[in-house]
Amino acid sequence: MATVRGGGLPRADAVGGPAGGRAAVPLWWVWLAAWPVTAVFALSNAATPLYVLWQDELGFSGTTLTVVFASYIVGLLASLLCCGVLSDRFGRRPVLLPALGLALAACLMFATAHHVAVLIVARLFTGLAVGAAVSAGMAAVTDVAGPDRRRLGALLASSAMVFGAGLGPLLSGVLSETLPAPTVTVFVVEAALLGTAALVVWRMPVPVSAPVPAPVGHASAKPARDGDGDRVVWVRMPGVPRGSGWHLALGVAVFGPGIGATSFVLSLGPSLLTGLLDSDSRIVPGALAFSMFLASTCVQFAVQRRSRHTILVGGAVSIVLAMVTLVVAVHTSAVWALVAAAVLAGAGQGMGQLGGLSLLASGVPPHRLAEANAAFSVGGYAPAGVLAVGAGYLTDAVGLTGAATAFGVTLATAAGLGGALVLARRSREGRGGPAPR
């Protein structure tokens, strides 16, 4: 018998696993469990409207700014290589609390940065914290929801991620324009949000995991094996159990182009808006980012009762339309087209994310769910990071219009292929029986 912190509720979880048979926790705890994910993702994009201020103050180039962005991806991918496995073995809380500590340290660095190296480390710490949030944090929401509310857990975890990603730049833009010491005030507020998230994690009704065998290579133990009989390696490329590969592949096929589309709009939007509106306001780009991720949040609640395959196909179609509209915006300098592209990109990412996470939640056992979430995120963020850096260099070589066109065509093609893969898989499953919902 394992115990839980926070709601005082007894648990009868399987030994060594973060979830299992247990009494249902109150519904409000399921919603509250998503808050740490929102708080960490708010930090992930909070710095975006402030880079122009740091560039003026610290005097670094656009190339150096690319390095600052890249350090976030490095931290994120490094975290995903271990946090999912560690969370599945030791529990959600032992992974999430140190991650929130890193996020708070990043806030302190951002608020006091007087050298570009400090910004690089702060972004690295942010990436590490976000990697823990998308693996352990999102799995914790599903754990708290329980086996009878897995679909709700996946919905809230996915929505918390995108809502936080949009809330960060909106808060940053508004606070930096209306309050003094913008690069300090923003991160004081963010630190307060993270502090409340730490309290939620501390009291969250997730099981306290039992001790587990030492990892492979430990001198005093035989090689550990997980519940599927696979050898445990603490730092590795995350994956899914045997038989769940298609769940992962279908989700990544749509989520990957979706995260690439929103990342490109995030990076392209501020410069386009500045030129189109002849304004250097930090609130406007923040509002555009918030609108994009608000669309992502709302569409997930709107389509939650649809089949997972239908959700994924809808996401692929939305991404294709987003990239076509983005190319129109670049060639015509139309603000409405840029806003439409942002909303469509957000909707596409939201549906790809919800469909993929729901497939994993339905087909992956709880003791491998955080690792599966990490694998899903690696599949989406890794190619998106490569494409974003490539688009930056391509912009320098051929200009914004040519780079945006090439990037839009590439992502639209990838999304179209992803949607076709989902349809082909659904057709194949339909011949052998009804497709899973």
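Read in order, the letters of the sequence shown correspond to residues 20 to 456 in my numbering. In this text, a Cβ means the ideal position worked out from N, Cα and C, and glycines have one as well. As the structure is a prediction and not an experimental result, all values here were calculated from the model.
- For T329, the uninterrupted alpha helix (DSSP H) run begins and ends at R327 to T351, by DSSP.
- Three or more Cβ pairs closer than 8 Å define a contact, and the region 312–331 falls short of that threshold against the region 214–225.
- Remark: three or more beta-carbon pairs, one from each stretch, lie closer than 8 Å, so the region 150–167 and the region 113–123 are flagged as touching.
- Put simply, of L99, D415, A97 and A391 the residue whose alpha carbon is nearest the alpha carbon of L267 is A391.
- Annotated as distal: A353 and T344, with beta-carbon spacing of 7 Å or more.
- The Cβ atoms of R111 and V273 lie no closer than 7 Å to each other.
- C126 sits close to F206, with the two beta carbons spaced by under 7 Å.
- Counted as a single uninterrupted DSSP element, the alpha helix (DSSP H) harbouring P113 occupies residues R112 to T131.
- In this model, L100 and A158 are separated by some 15 Å (Cα to Cα).
- DSSP places D162 within a helical segment (H, G or I) once states are collapsed to three.
- Rounded to the nearest whole angstrom, the C-alpha separation of G371 and G264 is 16 Å.
- Within a 10 Å sphere around the beta-carbon of H328 sit 16 or more other beta-carbons, which makes this residue buried.
- In this structure, A176 sits near V160, with a CB-CB distance shorter than 7 Å.
- Within the region 140–223, complete beta strand (DSSP E) segments of at least 3 residues are not found at all.
- Between the alpha carbons of F426 and A122 lies a distance of about 32 Å.
- For the set A308, G279, M128 and A359, the Cα lying nearest the Cα of Q368 is the one of G279.
- If you draw a straight line from the Cα of T429 to the Cα of S106, it comes to about 35 Å.
- In the structure shown, L100 adopts coil according to DSSP, grouped into three states.
- In this structure, A335 lies away from G399, with their beta-carbon atoms at least 7 Å apart.
- Around the beta-carbon of H133, fewer than 16 other beta-carbon atoms lie within 10 Å, marking it exposed.
- S263 carries a coil assignment under DSSP once its states are collapsed to helix, strand and coil.
- Ranked by Cα distance from A306, the first of N64, L96 and L388 is N64.
- By the Cβ rule, the region 61–79 counts as touching the region 185–193, because three or more pairs are nearer than 8 Å.
- For F320, the enclosing alpha helix (DSSP H) stretches over residues I302 to V322.
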